[in-house]
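Protein chains in written order, with our numbering: chain F, 1 to 404; chain W, 405 to 808.
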């Protein structure tokens, strides 16, 4: 894996339209007060497409639409609005999602079945469809592609995007990703939208398989507040414009593609956690020597989702008792008496008992923006990670004072 | 049930030692800075006893001790300290719990096997056993019984206690309960301690059965922050000093006893939720017309535990989209399109679609301290409730700035 990863180069300049044959735009069309709120991604040719969606039983109209649209494994465009989730909006909501899809298709002169729709913002308010339709007419194929990442933001404070390049079959291939979402993030991708474009040439079946597997260790391992959204969507478009042999079987090229995909999804997931609503810190929990990687991931996610752990980290308090309590409360069987815990490399618990640490070093360690919580179960060979943010006054403020 | 409940009278003055043959005391012995931190309950005779404990795999030393102690269904005393949880304290922690038990037994001149031990406070710090031993010698059998409820408090802002009276076999019977715990409260009784005394004459088997069933609809239906403690304990002592025929089978008397128990446990559970760390509001979620009461309770608890619902209620924001999203994220299958939701009796969602409501009435409704969230699944005959609190700046402050 190390060899593979060394061959993947991150570009200084991220752009969702960087892969060959992709275009994007983002505009302000009046769904939000001032900032950009509508954007699209367009490929010159139909692209192999894959998607994963929220597991919430309450699914927004665009999610239901996309699940049907993506069934044949092809997309040529994605139209996205922020400011309104078009969720729990009844029958009219589905009609609005279909109008968005058809209007974008007409503008781009492609079939509606090749257009995915995504919405993010407040739940339960009727989408102002006139503004959206009018707005779609303001989008350009060769527009401001970097504006797309801004157009999909809600309470995000920074855009999250990445572009990487690598080689497949001696051809340069490019992959870009953008994501949004900082509240309502949890287990099964709550209010996060992620869009990934690439010029890699791959079958839609393998693309879906790679994506479905990948999210288990990337997007599904971040949690901000334990709430799961109605709108979570990750879509990948691979338009095959790079001139290498098509990937149609599990091969070395497929493995390399998966490594590229994981580079993009993990970078976006960590960026999402780092920009959690009100966050002052990024918490990275690593569980080592577990009996299985899924067990390790479950424990890591339980710890990173604990309100008491999150507030302790905000308070720069090395209150590891809350960490071991969260481990014990997970659904994975553990033996507390053989567990070790370290905070930013300073051991605080060994074999289930407290150990003394230098207070001054600890204070300095917890001043960092990035906090590594390392848990050694001493009970196997597997490991897993999860990422989250601290719980702060600002989180409460954002979610108490603003209807999001 | 209505008839039964009408025969249960709550006394204006709550006292854990109100049932015949019970005594209690509470003192400050130096585990906390100033406030009372050690107390006991004592019965003149050995009492039938039942207990339920945390399901966290990391269990404090006193929890492990009590589980062994209570196996034969008898207790005569309970010794409790606050300020230190004696959890994750290694081998020495178990020794300390045993020393607490033996010292209390010696002071009371009873067998150590009749003494339960409970501790609450910070995790992972060695219990200052000398102070505890010295403190136990300061406790009196006929001490300040009302001080007991204070001696077990941590971040609680008010004591939680109740005394009720009723009749069994034409005899007056009394039952009292005290509880503590306002953070780290969740599913399976996280950092809550609850102690119930009664002079009812009942077998320990039926007492345990009644308690185990009851907590499913009372203490286990409150959540403050989703964290599950290492120390949760509820103990009931029934010393049989009321002069009625012993309850040894499932009978009308047993049903009446269960109604009394439920009155006490529910009152304490709601008091705990109402005093959640930093809480400004009590949230009571009722799920009606579900297919089973356990399904109803699961959904109610998911909603009351949602950080986004909790912050919305703090912000007096009728953001019911977060409520339906939480319902959909629960593990219970629901049909969102037939669900109705009301906030303090004002309908906000009907058949899965938004309905307009009077803004002024809603503002007034959400100004209340008590918020009723009523969810009608329109899909069965069962119902269930859960209670919690809002998520506030103060919660973050308490848990970020103080090591608890």
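All residues carry an ideal CB built from backbone N, CA and C; glycine is no exception.
Keep in mind that this is a model prediction, so the values were computed, not measured.
Same chain, Cβ closer than 7 Å to residue i, neighbours up to 5 away in sequence not counted
i	result
residue 171 of chain F	242, 243, 244
residue 772 of chain W	748
residue 142 of chain F	23
residue 722 of chain W	747, 752, 766, 770
residue 395 of chain F	277, 278
Assigned exposure category for residue i - 16 Cβ within 10 Å defines buried
i	result
residue 207 of chain F	buried
residue 301 of chain F	buried
residue 652 of chain W	exposed
residue 544 of chain W	exposed
residue 193 of chain F	buried
residue 96 of chain F	buried
residue 591 of chain W	With a pLDDT of only 34 at residue 591 of chain W, under 50, the local geometry of the prediction cannot be trusted, and the value read off the model is given with reservation. Buried.
residue 185 of chain F	Any reading at residue 185 of chain F needs caution, since the residue's pLDDT is 41, under 50, leaving its predicted position unreliable; the model's value is listed next. Classification for residue 185 of chain F: buried.
residue 413 of chain W	exposed
residue 473 of chain W	buried
residue 381 of chain F	exposed
residue 713 of chain W	buried
residue 411 of chain W	exposed
residue 58 of chain F	buried
residue 45 of chain F	exposed
residue 150 of chain F	buried
residue 262 of chain F	buried
residue 470 of chain W	buried
residue 524 of chain W	buried
residue 446 of chain F	The shown model of chain F, from 1 to 404, leaves out residue 446 of chain F, and the question about it has no answer.
residue 158 of chain F	exposed
residue 312 of chain F	buried
Counterpart residues of residue i in DSSP-defined beta bridges
i	result
residue 774 of chain W	W:686
residue 387 of chain F	F:222, F:284
residue 579 of chain W	W:568, W:602
residue 354 of chain F	F:349
residue 641 of chain W	W:453, W:601
residue 41 of chain F	F:24, F:78
residue 382 of chain F	F:290
residue 180 of chain F	F:193
Chain-order list of residues whose beta-carbon lies under 8 Å from that of residue i (same chain, five-residue window excluded)
i	result
residue 743 of chain W	728, 731, 753, 755, 756, 779, 780, 781, 782
residue 619 of chain W	456, 593, 638, 669
residue 417 of chain W	567
residue 738 of chain W	703, 731, 732, 781, 783
residue 355 of chain F	347, 348, 349
N- and C-terminal bounds of the beta strand (DSSP E) containing residue i
i	result
residue 26 of chain F	22-27
residue 522 of chain W	519-526
residue 750 of chain W	750-754
residue 531 of chain W	Taken as a continuous stretch (DSSP letters only), residue 531 of chain W belongs to no beta strand (DSSP E), as it is neither H nor E.
residue 744 of chain W	744-747
residue 75 of chain F	74-84
Cut-off 6 Å between Cβ atoms - residues of its own chain near residue i, not counting five sequence neighbours on either side
i	result
residue 465 of chain W	490, 497, 498, 501
residue 745 of chain W	724, 727, 752, 753, 779
residue 135 of chain F	29, 38
residue 516 of chain W	505, 506, 509
residue 18 of chain F	163, 174, 176
Cβ-heavy atom distance, residue i to the ligand NAP, below 7 Å
i	result
residue 472 of chain W	Among the ligands in the structure shown, none appear at all, so the ligand NAP cannot be discussed.
Where the alpha helix (DSSP H) containing residue i begins and where it ends
i	result
residue 292 of chain F	Looking at the DSSP string, residue 292 of chain F is not in any alpha helix (DSSP H), and its letter there is neither H nor E.
residue 417 of chain W	Unbroken run through residue 417 of chain W: none, as it is neither H nor E.
residue 266 of chain F	252-274
residue 473 of chain W	465-473
residue 612 of chain W	608-619
residue 711 of chain W	711-718
residue 429 of chain F	Any property of residue 429 of chain F remains undetermined from this structure, which presents chain F solely from 1 to 404.
residue 102 of chain F	90-108
residue 554 of chain W	552-555
Under 8 Å, with one C-beta from each stretch per pair, do the region 650-662 of chain W and the region 557-572 of chain W reach the 3-pair mark? yes
Would the region 361-374 of chain F count as touching the region 282-291 of chain F if we require 3 or more Cβ pairs under 8 Å? yes
When you compare the region 204-223 of chain F with the region 10-30 of chain F, are there three or more beta-carbon pairs, one atom per stretch, that lie closer than 8 Å? no
Hey, is the region 758-774 of chain W in contact with the region 787-802 of chain W, meaning 3+ C-beta pairs nearer than 8 Å? no
Are the region 477-485 of chain W and the region 446-455 of chain W touching, with three or more C-beta to C-beta distances below 8 Å? yes
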